[in-house]
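Just below is one structure, and these are the notes that go with it.
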Amino acid sequence: MTAASSTGQGNGVRLGVVLLATPLLLWLLVLVILPHVDLLLVSLRERIAFRQYEFSFANYIAFFVEPLYWNTYVRTAVMSIMATVLTLIIGFPVSYYIAKIMRGRGKNVLFMMCLIPFWVSELVRTFGWMILLRESGVISSFLQWAGLVDGPVEMLYNDVTIMVGLVYTSMLFMVVPLVSVLDSLDDSLIEAGYDLGGNAFTVTRDIVIPHAMPGIASGCIVVFMLTLGNYLTPNLLGGKDSLWFTEQIYTQFITRFNWESGSAFGFLLLVLSSLIVWIGLKLSRQTLADTVR
Amino acid sequence: MADLKLDQIRKSYGAVDVLHGVDLDVKDGEFVVFVGPSGCGKSTLLRIIAGLEDITGGDLMIDGDIVNTKSPRDRGIAMVFQSYALYPHMSVYKNMAFGLKLAKTNKAELDERVRNAAKILQLDALLDRRPAELSGGQRQRVAIGRAIVRQPKVFLFDEPLSNLDAALRVQTRIEIAKLHQKLKSTIIYVTHDQIEAMTLADKIVVLNAGNVEQVGSPMELYHHPKTRFVAGFIGSPAMNFTRVTITAVEPGRVTVQTPGGKSAVLPFEVTTDHIGTEVELGIRPEHMGLDRAGELGVDGEVEVVEKLGDSVYLYVRLANGDRVTLRAPGHCRIKIGEAVSARADAAAAHLFDRNGQAFAKLDCPEEYSAME
Ligand SMILES: Nc1ncnc2c1ncn2[C@@H]1O[C@H](COP(=O)(O)OP(=O)(O)O)[C@@H](O)[C@H]1O
Ligand SMILES: [Mg+2]
Numbered sequence: 005m006t007a008a009s010s011t012g013q014g015n016g017v018r019l020g021v022v023l024l025a026t027p028l029l030l031w032l033l034v035l036v037i038l039p040h041v042d043l044l045l046v047s048l049r050e051r052i053a054f055r056q057y058e059f060s061f062a063n064y065i066a067f068f069v070e071p072l073y074w075n076t077y078v079r080t081a082v083m084s085i086m087a088t089v090l091t092l093i094i095g096f097p098v099s100y101y102i103a104k105i106m107r108g109r110g111k112n113v114l115f116m117m118c119l120i121p122f123w124v125s126e127l128v129r130t131f132g133w134m135i136l137l138r139e140s141g142v143i144s145s146f147l148q149w150a151g152l153v154d155g156p157v158e159m160l161y162n163d164v165t166i167m168v169g170l171v172y173t174s175m176l177f178m179v180v181p182l183v184s185v186l187d188s189l190d191d192s193l194i195e196a197g198y199d200l201g202g203n204a205f206t207v208t209r210d211i212v213i214p215h216a217m218p219g220i221a222s223g224c225i226v227v228f229m230l231t232l233g234n235y236l237t238p239n240l241l242g243g244k245d246s247l248w249f250t251e252q253i254y255t256q257f258i259t260r261f262n263w264e265s266g267s268a269f270g271f272l273l274l275v276l277s278s279l280i281v282w283i284g285l286k287l288s289r290q291t292l293a294d295t296v297r
Numbered sequence: 012m013a014d015l016k017l018d019q020i021r022k023s024y025g026a027v028d029v030l031h032g033v034d035l036d037v038k039d040g041e042f043v044v045f046v047g048p049s050g051c052g053k054s055t056l057l058r059i060i061a062g063l064e065d066i067t068g069g070d071l072m073i074d075g076d077i078v079n080t081k082s083p084r085d086r087g088i089a090m091v092f093q094s095y096a097l098y099p100h101m102s103v104y105k106n107m108a109f110g111l112k113l114a115k116t117n118k119a120e121l122d123e124r125v126r127n128a129a130k131i132l133q134l135d136a137l138l139d140r141r142p143a144e145l146s147g148g149q150r151q152r153v154a155i156g157r158a159i160v161r162q163p164k165v166f167l168f169d170e171p172l173s174n175l176d177a178a179l180r181v182q183t184r185i186e187i188a189k190l191h192q193k194l195k196s197t198i199i200y201v202t203h204d205q206i207e208a209m210t211l212a213d214k215i216v217v218l219n220a221g222n223v224e225q226v227g228s229p230m231e232l233y234h235h236p237k238t239r240f241v242a243g244f245i246g247s248p249a250m251n252f253t254r255v256t257i258t259a260v261e262p263g264r265v266t267v268q269t270p271g272g273k274s275a276v277l278p279f280e281v282t283t284d285h286i287g288t289e290v291e292l293g294i295r296p297e298h299m300g301l302d303r304a305g306e307l308g309v310d311g312e313v314e315v316v317e318k319l320g321d322s323v324y325l326y327v328r329l330a331n332g333d334r335v336t337l338r339a340p341g342h343c344r345i346k347i348g349e350a351v352s353a354r355a356d357a358a359a360a361h362l363f364d365r366n367g368q369a370f371a372k373l374d375c376p377e378e379y380s381a382m383e
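Protein chains in written order, with the numbering used here: chain A, 5 to 297; chain B, 12 to 383.
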């Protein structure tokens with residue numbers, strides 16, 4: 005292409021791109037970047053008198069000196085990682101089954117079954133779990149009726165229940181990217197693996213997983229972020245003892261009207277999620293660009 | 012190196028029968044080609060041999076052992092897939108080494124075998140590339156290399172040339188033939204292209220709708236097709252067919268009435284109960300000629316003329332509506348619409364009954380029966 009035409013066309017194309025991208029850029033600026041900049045600014049000030057603030061790290065220092073805060077912070081991170089790993093471990097075989105073993109109608113039906121729970125709101129879904137699991141709930145009553153236990157059993161308000169709830173809520177977000185990436189894996193690649201002397205384990209390890217890596221990474225990122233930022237599930241299923249970090253943020257903002265401290269917590273959560281995602285990508289040797297392909 | 016035996020192999024997908032009892036013997040070092048139209052079950056049969064499909068009925072034996080339920084890894088077989096099935100995340104070297112790595116071959120031997128195969132296939136310079144950075148022909152060679160390094164008893168090829176362009180296809184075909192001479196291993200090769208089958212095979216297996224129509228050497232199938240299907244499938248351009256009526260039968264001789272109303276005596280063994288019935292007469296285009304002598308003659312009008320340089324194909328419509336193809340020399344000046352009459356030897360004829368089975372031909376001069 006000649007220089008003249010390329011610059012002329014280049015300008016036209018560039019203008020078009022800018023125009024097309026404007027709504028997206030505005031959205032990013034107004035709804036994502038501005039609030040976070042504001043969050044950062046608010047978190048870095050301390051109230052010294054009515055409507056009087058000065059710059060300080062007091063909010064961050066408060067976070068580190070109060071064990072409850074950073075314990076909750078670490079606990080939330082660890083639980084979220086566990087929930088992500090569990091979701092992957094359960095979601096991978098399910099996705100493989102849907103993408104590679106089911107054929108025709110059965111495949112769509114199974115895929116829809118993963119989707120159906122998401123037709124009701126998260127709140128309703130979580131209440132469903134509560135109806136099943138609480139002391140006077142369905143499972144407890146059934147166990148008593150069957151004579152397996154003497155008194156009512158409380159299955160809510162413990163970590164296992166929180167974990168089950170989190171995995172359940174996240175499953176779809178793992179299965180969708182995994183099914184789509186496994187669908188794109190040519191069957192003959194798997195067959196060639198067996199033909200070359202592989203067994204189920206080696207074929208999965210050397211062929212299926214490397215191919216599925218972008219899907220695994222994107223599923224894990226989405227599930228991890230959603231879990232980390234989840235408020236409803238840990239609170240309803242875990243009750244007062246859930247110790248979820250979003251709950252701390254909520255308390256600071258809403259109960260205690262301490263926006264400075266709430267902002268600092270919010271910012272710390274952002275740092276946490278970015279850090280863990282970054283480490284995850286490094287460990288799996290993926291780039292963010294791979295995961296959205 | 013291995014003998015392979017298929018005994019009444021059947022395959023069904025649910026209620027659909029795909030293979031209806033296939034019998035076959037493959038000897039050590041033989042190049043066997045499965046040929047047939049698309050959907051006749053060639054790939055299914057190959058995949059059964061590879062161990063990628065379950066057998067519905069019958070037995071598969073390698074070196075005398077029944078291997079019906081053995082996994083692919085225990086059969087000593089290597090398959091080259093139609094789509095090549097190379098691993099995009101591995102280099103050419105790693106692709107070729109993959110099978111050996113799974114077999115826990117020691118490093119030095121693995122390296123030697125991979126480099127040897129790479130040399131044979133002229134892939135030495137490409138070992139560090141990813142499959143995405145290779146041309147179609149190179150990918151094909153990597154796929155073959157991946158099979159060679161494992162030194163299998165039997166190589167299986169599923170339409171390996173179908174993704175290549177015409178020139179490369181001929182070249183690769185020759186390379187595969189050379190490879191077979193060099194390795195002297197047993198090869199089973201699937202194709203829908205009868206020219207590939209004719210040029211490569213020691214033994215051709217013609218499949219049609221899940222049945223073996225005929226097994227034989229290329230020349231055997233060309234000169235002595237047992238069914239009308241084989242006669243029409245092998246040879247290019249395809250054999251000409253027309254309906255004739257049997258008027259008289261003597262031992263070793265049959266008199267038929269041709270479309271033009273003339274009678275001809277042909278050297279076939281036909282039973283008397285066929286007198287008065289219609290049968291099908293087949294003659295290959297290359298055995299008919301405008302300036303030939305012969306007991307058989309047809310007259311018709313030229314509909315299409317195809318000039319290929321060295322020869323000209325004439326598509327001729329006979330009086331009874333049947334169409335036949337004639338091959339004339341390249342300098343032939345015949346135009347569309349011209350009336351032509353062609354002749355052929357009675358010994359060049361093939362005769363098929365109503366069920367498409369060939370009648371036994373006696374008296375076969377060398378020209379129409381040359382075998383290797
Ligand atoms: N997995 C399958 N399920 C159902 N039918 C199949 C399956 N694979 C192949 N077939 C059917 O079996 C027949 C033979 O297929 P195939 O062996 O691939 O034919 P070819 O390789 O000769 O073209 C076809 O009619 C095809 O539709
Ligand atoms: Mg096929």
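Positions of the beta carbon are idealized from the N, C-alpha and C atoms, including for glycine.
Computed from a predicted model, the values in this text were never measured in an experiment.
Below-8 Å beta-carbon distance, residue i vs any chain A residue
i, result
"R84 (chain B)", "yes"
"H100 (chain B)", "yes"
"G147 (chain B)", "no"
"G110 (chain B)", "yes"
"F168 (chain B)", "no"
"A26 (chain B)", "no"
"L134 (chain B)", "no"
Expected contact under 8 Å - CB spacing of residue i and residue j to nearest Å
i, j, result
"F168 (chain B)", "V91 (chain B)", "5 Å"
"T208 (chain A)", "T130 (chain A)", "The pair is not a contact, with the Cβ atoms about 34 Å apart (cut-off 8 Å)."
"P181 (chain A)", "G223 (chain A)", "4 Å"
"R354 (chain B)", "G300 (chain B)", "7 Å"
"P142 (chain B)", "L97 (chain B)", "4 Å"
Any C-beta of chain B under 8 Å from that of residue i
i, result
"D199 (chain A)", "yes"
"M5 (chain A)", "A caution first: M5 (chain A) carries a pLDDT of 39, below 50, which makes its placement in the model unreliable, though a value can still be read off. It does not: the Cβ of M5 (chain A) has no partner Cβ on chain B nearer than 8 Å."
"I94 (chain A)", "no"
"T11 (chain A)", "Here the model assigns T11 (chain A) a pLDDT of 49, short of 50, so the residue's position is not dependable, and the following value carries that caveat. No, because no Cβ of chain B sits closer than 8 Å to the Cβ of T11 (chain A)."
"S188 (chain A)", "no"
"L193 (chain A)", "yes"
"T295 (chain A)", "no"
"I301 (chain A)", "With chain A covering 5 to 297 only, the question about residue 301 (chain A) has no answer from this structure."
"A110 (chain A)", "For the record, residue 110 (chain A) in the displayed sequence is Gly; it is not Ala. False, the Cβ-Cβ gap to chain B never drops below 8 Å."
"G219 (chain A)", "no"
"T298 (chain A)", "Since the displayed chain A opens at 5 and closes at 297, residue 298 (chain A) lies outside it and no answer follows."
"I105 (chain A)", "no"
"L287 (chain A)", "no"
"T206 (chain A)", "yes"
"G202 (chain A)", "yes"
CB contact flag (residue i, residue j, <8 Å)
i, j, result
"I88 (chain B)", "A61 (chain B)", "yes"
"A129 (chain B)", "L138 (chain B)", "yes"
"G311 (chain B)", "V276 (chain B)", "no"
"V223 (chain B)", "L35 (chain B)", "yes"
"V46 (chain A)", "S267 (chain A)", "yes"
"V33 (chain B)", "L17 (chain B)", "yes"
"E264 (chain A)", "N63 (chain A)", "yes"
"V327 (chain B)", "V313 (chain B)", "yes"
Where the alpha helix (DSSP H) containing residue i begins and where it ends
i, result
"T231 (chain A)", "I213 to L232"
"P340 (chain B)", "Per DSSP, P340 (chain B) belongs to no alpha helix (DSSP H); it is in the beta strand (DSSP E), R334 to P340."
"L71 (chain B)", "Careful: L71 (chain B) lies outside any alpha helix (DSSP H), inside the beta strand (DSSP E) at G68 to I73."
"N63 (chain A)", "A62 to V69"
"H234 (chain B)", "P229 to H234"
"G266 (chain A)", "W263 to L287"
"G243 (chain B)", "R239 to F244"
Beta-bridge pairing of residue i - partner residues as DSSP gives them
i, result
"R301 (chain A)", "The first residue shown for chain A is 5 and the last is 297, placing residue 301 (chain A) beyond what the model contains."
"E317 (chain B)", "B:Y324"
"Y200 (chain B)", "B:V44 and B:F168"
"Q268 (chain B)", "B:T256 and B:S274"
Endpoints, the beta strand (DSSP E) within which residue i is located
i, result
"I257 (chain B)", "N251 to E261"
"A53 (chain A)", "R49 to A53"
"Q19 (chain B)", "L15 to Y24"
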